[in-house]
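*Asks:* There's a structure below that I have some questions on.
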Amino acid sequence: MERVKVSAVFPLPNMRLLVHFNNGKKKIFDVRQIIPAYPNYKALEDEALFNAVQVEPGGYGVAWNSELDASEGELWQNGILVE
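So the sequence shown is numbered by this note's numbering: it starts at 18 and just counts up by one.
See below:
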């Protein structure tokens with residue numbers, strides 16, 4: 018089975034992302050859930066930084082800058098499917 022890749026990402030209110038995958042599925046990922054384990058993601062409470070999210074080349078995840086990113090696997094496994 019081919020690995021799922023991110024095809025698009027859209028920032029939503031309350032530190033959530035709407036993530037589109039190359040298999041046609043969409044999921045909502047709540048970034049707040051990873052802050053307890055990774056405190057540096059607290060920087061994403063800055064709305065301007067959070068809204069700067071982009072798909073990484075090749076669809077291997079999303080990134081806000083060179084230090085803050087999330088892999089396609091993290092987004093896929095921990096996102097909630099949007100019908």
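Don't be surprised by glycine CBs; every beta carbon is placed ideally from N, CA and C.
Quick check on the DSSP output: the alpha helix (DSSP H) that includes GLY76 runs from which residue to which?
*Replies:* Against the sequence shown, residue 76 aligns to sequence position 59. GLY76 -> no alpha helix (DSSP H), and no H or E assigned at all.
*Asks:* Nearest chain B C-beta to ALA80 closer than 9 Å, yes or no?
*Replies:* Looking at the structure shown, chain B is missing, and only one protein chain is on hand.
*Asks:* Quick one: measure Cβ to Cβ for LEU34 and PHE46, integer angstroms, because I've assumed they're closer than 8 Å.
*Replies:* Along the sequence shown, read from residue 1 onward, the residue named residue 34 stands at position 17. Along the sequence shown, read from residue 1 onward, the residue named residue 46 stands at position 29. Sure, about 5 Å apart at Cβ, within 8 Å.
*Asks:* Could you check the C-alpha separation between ASN57 and ILE97 for me, to the nearest Å?
*Replies:* Counting from 1 along the sequence shown, the entry for residue 57 is found at position 40. Counting from 1 along the sequence shown, the entry for residue 97 is found at position 80. ASN57 and ILE97: Cα-Cα distance of roughly 23 Å.
*Asks:* Skipping 5 residues on each side, what residues in its chain have a beta carbon closer than 8 Å to that of ASN82?
*Replies:* Mapped onto the sequence shown, residue 82 falls at position 65. Excluding positions up to five away in sequence, the list reads LEU66 and ALA69.
*Asks:* Determine the direct distance from the alpha carbon of VAL26 to that of PRO53, and round the result to whole angstroms.
*Replies:* Position 36 of the sequence shown, counting from 1, holds the residue named residue 53. Position 9 of the sequence shown, counting from 1, holds the residue named residue 26. For PRO53 and VAL26, the distance between alpha carbons rounds to 23 Å.
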